[in-house]
Amino acid sequence: MSRNLHLSLTLNGEPAEASFAPYKTLLELLREDLGLTGTKHGCELGECGACAVLIDGQPQLSCLVLALECQGRAVETVEGMGSGGMGDGAGLHPLQAAFADLGAAQCGYCTPGILMTAKALLAHEKNPSRERIKEAVSGNLCRCTGYQQIFEAIEEAAKRLGAEAVSKDER
Amino acid sequence: MKVLGKPRRRVDGRAKVTGQTRFADDIVLPRMLHMKLLRSPHPHALIEEISTEKAKAHPGVHLVLTGKDFPITFGILPVSQDEYPLAPEHVRYVGDPVAAVIARDEQTATEALDLIAVRYKPLKTISDPQEALQNPEPRIHAYSELGNIHRLQAFEFGDAEEVLAKSDYVFEDLFFYEGNTHLPIEQHAAVAAVDGEGKLTLWSSTQVPHYVHRALARVLQLPAAHIRVIACPNGGGFGGKTDICNHEMVAAKAAVLLGRPVKICLNREEVFYLHRGRHPVLMKFRTGVTKGGKLTGMHLQTLVDGGGYGGYGTASTFYTGALQTVTYELPRYKFEAARVFTNKPPCGPKRGHGTPQPRFGQEVQLDKIAERLNVDPAELRLQNIVKPNSLTANWLKVGSIGLEQCIREVVERSDWKRRFRKMGPGKGLGLACGSYLCGAGLPIYWNKMPQTGVQLLVDRSGQVTAFCGATEIGQGSDDVLAAIIAEVLGIDPFDIRCVTGDTGITPIDLGSYSSRVTVMMGNAAIQAAEKIKAQIADAASGELGVSPERLTFANGKVGSLSFVEAVGLAEEKFGTLGAVGSYKPPRGPGRYKGAGVGPSPAYSYTACVVEADVDPATGWITVPKIWIAHDIGRTINPVLARGQVEGSVYMGLSEALMEEQVFRRLPPRLSGALVHKIPSLLEYKSLTSLDMPEVDTVLVEDPDPNCPFGAKEAGQGPLLPVMPAVANAIYDAVGVRIDELPITPHKVLKALELKRRGKPGRVGPESFPAVPYPEPVVVPPPWEGGDGHAVKGSERPKIRVPAS
Numbered sequence: 001m002s003r004n005l006h007l008s009l010t011l012n013g014e015p016a017e018a019s020f021a022p023y024k025t026l027l028e029l030l031r032e033d034l035g036l037t038g039t040k041h042g043c044e045l046g047e048c049g050a051c052a053v054l055i056d057g058q059p060q061l062s063c064l065v066l067a068l069e070c071q072g073r074a075v076e077t078v079e080g081m082g083s084g085g086m087g088d089g090a091g092l093h094p095l096q097a098a099f100a101d102l103g104a105a106q107c108g109y110c111t112p113g114i115l116m117t118a119k120a121l122l123a124h125e126k127n128p129s130r131e132r133i134k135e136a137v138s139g140n141l142c143r144c145t146g147y148q149q150i151f152e153a154i155e156e157a158a159k160r161l162g163a164e165a166v167s168k169d170e171r
Numbered sequence: 172m173k174v175l176g177k178p179r180r181r182v183d184g185r186a187k188v189t190g191q192t193r194f195a196d197d198i199v200l201p202r203m204l205h206m207k208l209l210r211s212p213h214p215h216a217l218i219e220e221i222s223t224e225k226a227k228a229h230p231g232v233h234l235v236l237t238g239k240d241f242p243i244t245f246g247i248l249p250v251s252q253d254e255y256p257l258a259p260e261h262v263r264y265v266g267d268p269v270a271a272v273i274a275r276d277e278q279t280a281t282e283a284l285d286l287i288a289v290r291y292k293p294l295k296t297i298s299d300p301q302e303a304l305q306n307p308e309p310r311i312h313a314y315s316e317l318g319n320i321h322r323l324q325a326f327e328f329g330d331a332e333e334v335l336a337k338s339d340y341v342f343e344d345l346f347f348y349e350g351n352t353h354l355p356i357e358q359h360a361a362v363a364a365v366d367g368e369g370k371l372t373l374w375s376s377t378q379v380p381h382y383v384h385r386a387l388a389r390v391l392q393l394p395a396a397h398i399r400v401i402a403c404p405n406g407g408g409f410g411g412k413t414d415i416c417n418h419e420m421v422a423a424k425a426a427v428l429l430g431r432p433v434k435i436c437l438n439r440e441e442v443f444y445l446h447r448g449r450h451p452v453l454m455k456f457r458t459g460v461t462k463g464g465k466l467t468g469m470h471l472q473t474l475v476d477g478g479g480y481g482g483y484g485t486a487s488t489f490y491t492g493a494l495q496t497v498t499y500e501l502p503r504y505k506f507e508a509a510r511v512f513t514n515k516p517p518c519g520p521k522r523g524h525g526t527p528q529p530r531f532g533q534e535v536q537l538d539k540i541a542e543r544l545n546v547d548p549a550e551l552r553l554q555n556i557v558k559p560n561s562l563t564a565n566w567l568k569v570g571s572i573g574l575e576q577c578i579r580e581v582v583e584r585s586d587w588k589r590r591f592r593k594m595g596p597g598k599g600l601g602l603a604c605g606s607y608l609c610g611a612g613l614p615i616y617w618n619k620m621p622q623t624g625v626q627l628l629v630d631r632s633g634q635v636t637a638f639c640g641a642t643e644i645g646q647g648s649d650d651v652l653a654a655i656i657a658e659v660l661g662i663d664p665f666d667i668r669c670v671t672g673d674t675g676i677t678p679i680d681l682g683s684y685s686s687r688v689t690v691m692m693g694n695a696a697i698q699a700a701e702k703i704k705a706q707i708a709d710a711a712s713g714e715l716g717v718s719p720e721r722l723t724f725a726n727g728k729v730g731s732l733s734f735v736e737a738v739g740l741a742e743e744k745f746g747t748l749g750a751v752g753s754y755k756p757p758r759g760p761g762r763y764k765g766a767g768v769g770p771s772p773a774y775s776y777t778a779c780v781v782e783a784d785v786d787p788a789t790g791w792i793t794v795p796k797i798w799i800a801h802d803i804g805r806t807i808n809p810v811l812a813r814g815q816v817e818g819s820v821y822m823g824l825s826e827a828l829m830e831e832q833v834f835r836r837l838p839p840r841l842s843g844a845l846v847h848k849i850p851s852l853l854e855y856k857s858l859t860s861l862d863m864p865e866v867d868t869v870l871v872e873d874p875d876p877n878c879p880f881g882a883k884e885a886g887q888g889p890l891l892p893v894m895p896a897v898a899n900a901i902y903d904a905v906g907v908r909i910d911e912l913p914i915t916p917h918k919v920l921k922a923l924e925l926k927r928r929g930k931p932g933r934v935g936p937e938s939f940p941a942v943p944y945p946e947p948v949v950v951p952p953p954w955e956g957g958d959g960h961a962v963k964g965s966e967r968p969k970i971r972v973p974a975s
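Chains as they are written, first to last, in the numbering used here: chain A, 1 to 171; chain B, 172 to 975.
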């Protein structure tokens, strides 16, 4: 058995350290060594998009990234999207709230990957068209929803984020 | 209605968007070991020797198991107990598991698989139904009915031949529906552990924890009361997790032997081998019609490719003929079916279970009939719809039918009358309908006990906890449970805690299959909630001096009391509060052998119009829009109901255009084995977000008295009309008939080429082989003096169950 490697990274905004077997992918590091099972897997071959996370803000398939490539980088997973607090609307990112409200998560298995992909899209484009949304999530397979409610939830989240930005400006 | 019918966030929605939903592979236990299975590289072979010494000696390996460790068979149906957890001597498809390694981690287990040596003696491969019919030997299973024919079925409800001979027209058409698979994004996983009391717990991505529980008791020879099966929320099911799986049995045995938790998660390739998906079915329809467009009778023959094991196959085969009668009136009906064994991954139930294949044929044939009779296909269907509250030729009791309104909705919204047959070259519209069960009438194993139960815990804190064995597979069963109880008790669904899918602490529910959960669990939930409500009303009425029936339960109040206060008074008066409810469907009126498949408490109905653009130069098919109207009885949560309908449209369109589980023979120098074409998500084509058209969804509400608040199913029925509507739209666009699925550009081009050469513009099966169907069981239909029994002497002796 080969010796563990060690790395430091920023994980969901906090500094983190990890010790792991050198063959491990970022997906395996997150799920098996760091206990972040919110990131899912459907193929571990880069085909389904379920394992998408953000690395330095870019959506990446964590099953195709070696963990050791992540030294010093910022990794963001579904666990880092909202605060997780309780109360009305509190604790959820507008994308998470819109997905929950509008039926964009049925079984919820592809959801974390789509949320991360959508977050990256909305970071670059405040009001993406339906076509742009379709394109952005085309690498994420969903077998439950038929995608309609996912498109609508991303559009709704863009609206809510826009409204939040406006109210911040007004303050 | 206070809760039902209003759009709401589902009760488990928050967990799903925060990554907190705990799927089976998310479970990690202290001292947990990992398991991998060694699978057969041969489609058909005998195992001569397995040597595991090297694997056992590999550092980090704790246990190696083979078929010798599992003398007892299992199977989902009592009539097909034909699977071993690990094959002891006979492998029947590429991927059949033969050995298991349990090691400290997945990597070590995978390494050790390579150290197991298996000597196989290859047998002749039976690759398709034609070969199965021609080659009774080598037998894939000794218990099959005739050679490699697993099961034969034949029924005649009235003299179909006579009525066809007298009909103005008889349409004879052949159709083929290629097999395809569920492709849930979650790969199957299971964790087994022995608890502190020495009892076994299995967490699994299963739709049927109760049946897995029963199989574990049988295979491991443990008392059933010492086993607990927890169905984790499934990351998609679609029928792919309704069978009992080898890996569940083997992981449990390993945990029992080692006293340590054992986990297995299948990789994607293995999920393709596990399969249990849509059966490939060849069909021959002969349908009689009057000049006025009334159907007179039908003779349907099906030939079903079962793959390597029985599984649900006997039921699937019945379903290729059971529901032809519940949509359009068929005065007489003859149905003959055969399921063969082949050396491929076993087929089973996928969304629609056995009915999408004949539905495709029936609805495309109706399109051909309408064209020949020069009537609008929508009108032809409207004039043949089964009457509500009637019996069918095969003795199914049909209740509410919202199909007429469904057809009118999609016709109007798609502007059908103005556009059908008038859209110009390359553009077309197609219409089709469907109907489906709201739960199978009978349980899988014969018993008179309830099929589902709900237990409520209510106490002075105001908490309401609902326990039910129902399995959340994404469809929203927890939300349905909470919504129905909330409706009865007048509280918010979010104030209810759902504890579901756990055979150790929840009452029985048979599983998330046959679209049974809303109707059956919902009826049990109403019963339990009404009992609690009566106690609360009794106690509160004493306090308020109002008669119990005048008290309203709404908005968290009972009359003028808060719900919490009212519950406290009830606890004071009656002691600890609790109530149970259960449900079992009414017995169907059919009394003949085989009448057990088809009855349901209610049937859902759907109509669909598909618009298709076809490029005649490339055959490329684009679907810009689909209109669908589904008779759901009553909508519980419109957000989820719409999701079920549109998810069905997606899956149906994907099956219509591209999904196929197909196989190829390796070249002789590479063993000549029959292997899966490419078992990967990339090569198994399915629609992506870019391919998905706009969907216009209408929920039609025709409440059924057998259903909770009238609510029918929504998860499977809406898939059924999509595939034939696509085929009919392609015909409208370019005038060619593609009578087999999937409809690929290649097939469209081929049909266009045939048409150009003056031949029939059709691609599809050309012949139906001679199948040795038995003499039919003769059952007179209700209107010919029958009482639901078969004519004496026409029933065949019972099929023997193989001993294990």
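Beta carbons are placed, not taken as given, at the ideal position from N, Cα and C, and that holds for glycine.
**Prompt:** So, B/P913 versus B/T789, is the Cβ gap smaller than 7 Å?
**Reply:** no
**Asked** Which word fits B/S860, buried or exposed, when buried means at least 16 other C-beta atoms lie within 10 angstroms of its C-beta?
**Response** buried
**Asked** Is it a yes or a no for the region 876-890 of chain B touching the region 599-609 of chain B, going by three-plus beta-carbon pairs under 8 Å?
**Response** The answer is yes - the region 599-609 of chain B touches the region 876-890 of chain B, with three or more Cβ pairs under 8 Å.
**Buried or exposed by the 16-neighbour rule on C-beta atoms within 10 Å, applied to B/R181** = buried
**Message:** Can you pull out the residues from the region 140-152 of chain A whose beta carbon lies closer than 9 Å to at least one beta carbon of chain B?
**Reply:** N140, L141, C142, R143, C144, T145, G146, Y147, Q148, Q149, I150, F151
**Asked** If the cut is a Cβ gap below 9 Å, which residues of chain A does B/Y821 touch?
**Response** C142, R143, C144, T145, G146, Y147, Q148
**Three-state secondary structure (DSSP) of B/L391** = helix
**Request:** Output the distance between the C-alpha atoms of B/Q392 and B/L209, rounded to the nearest integer angstrom.
**Result:** 24 Å
**Prompt:** Could you give the distance in angstroms between the alpha-carbon of B/D330 and the alpha-carbon of B/G601?
**Reply:** Spanning the two alpha carbons is a distance of roughly 33 Å.
**Request:** Go ahead and pull the three-state DSSP assignment for A/R31.
**Result:** In the structure shown, the three-state DSSP call for A/R31 is helix.
**Asked** In or out: A/G35 buried (at least 16 other Cβ within 10 Å) or exposed?
**Response** exposed
**Asked** Three or more beta-carbon pairs under 8 Å between the region 406-414 of chain B and the region 440-453 of chain B, yes or no?
**Response** yes
**Asked** In whole angstroms, what separates the C-alpha of B/F665 from that of B/L304?
**Response** If you take the alpha carbons of B/F665 and B/L304, they lie about 56 Å apart.
**Prompt:** So B/P936 is in the alpha helix (DSSP H); what residue range does that whole segment cover?
**Reply:** Where B/P936 is concerned, there is no enclosing alpha helix (DSSP H), given that its DSSP letter is neither H nor E.
**Request:** Would you check if the region 493-502 of chain B and the region 810-820 of chain B touch, i.e. whether three or more CB-CB distances between them fall below 8 Å?
**Result:** no
**Item:** Span of the alpha helix (DSSP H), counted from its first residue to its last, around A/T117
**Value:** 111-124
**Item:** Cβ-based neighbour list, B/E357, same chain, cut-off 7 Å, excluding 5 preceding and 5 following
**Value:** F194, S376, N405, G406, G407
**Item:** Unbroken beta strand (DSSP E) run spanning B/R399, endpoints
**Value:** 398-402
**Request:** Provide the residue span of the alpha helix (DSSP H) that contains B/R310, from first to last.
**Result:** No alpha helix (DSSP H) contains B/R310, which DSSP labels as neither H nor E.
**Asked** Taking a cut of 7 Å between CB atoms, which residues from the region 339-362 of chain B lie near chain A?
**Response** L354, P355, I356, E357, Q358
**Request:** Could you list which residues in chain A have their beta carbon closer than 7 Å to that of B/G407, in chain order?
**Result:** C107, Y109, R143, C144
**Item:** 6 Å CB neighbourhood of A/E152 in its chain, flanking five on each side removed
**Value:** L102
**Request:** Helix, strand or coil for B/K963, going by three-state DSSP, please let me know.
**Result:** Three-state DSSP puts B/K963 in coil, outside helix and strand.
**Asked** DSSP on B/M172, reduced to helix/strand/coil?
**Response** B/M172: coil per DSSP, three-state reduction.
**Request:** Using a cut-off of 9 Å between C-beta atoms, extract the partners of B/D197 located in chain C.
**Result:** Here chain C cannot be found, since the structure's protein chains are A and B.
**Request:** Report yes if the C-beta distance between B/V785 and B/V905 is below 7 Å; otherwise report no.
**Result:** yes
**Request:** Please state whether DSSP places B/W566 in a helix, a strand or coil.
**Result:** coil
**Item:** Short Cβ contact (7 Å threshold) for B/A844 with B/H261
**Value:** no
**Ranges of the beta strand (DSSP E) found wholly within the region 644-679 of chain B, counting only runs of at least 3** = 667-671
**Request:** Could you check which residue in B/P614, B/V289, B/E658, B/S683 has the C-alpha nearest to that of B/S648?
**Result:** B/S683
**Inter-residue CB distance, B/V934 and B/D910 (contact presumed, cutoff 8 Å)** = Rounded, the Cβ-Cβ distance is 7 Å, consistent with contact.
**Where B/P355 falls, given that 16 or more other Cβ within 10 Å makes a residue buried** = Counting every other CB atom within 10 Å of its CB across the protein chains shown gives B/P355 a total of 16 or more, marking it as buried.
**Message:** Contact between the region 384-399 of chain B and the region 467-480 of chain B is defined here as three or more beta-carbon pairs at a separation below 8 Å; is this criterion met?
**Reply:** no
**Between the CA atoms of A/A97 and B/I707 - distance to the nearest angstrom** = 35 Å
**Spatial neighbours of B/N306 in its chain, beta-carbon cut-off 8 Å, leaving aside the 5 residues before and after** = K295, I297, G318, N319
**Prompt:** Leaving out the 5 sequence neighbours to the left and right, which residues in its chain are closer than 6 Å to B/D240 when beta-carbon positions are compared?
**Reply:** none
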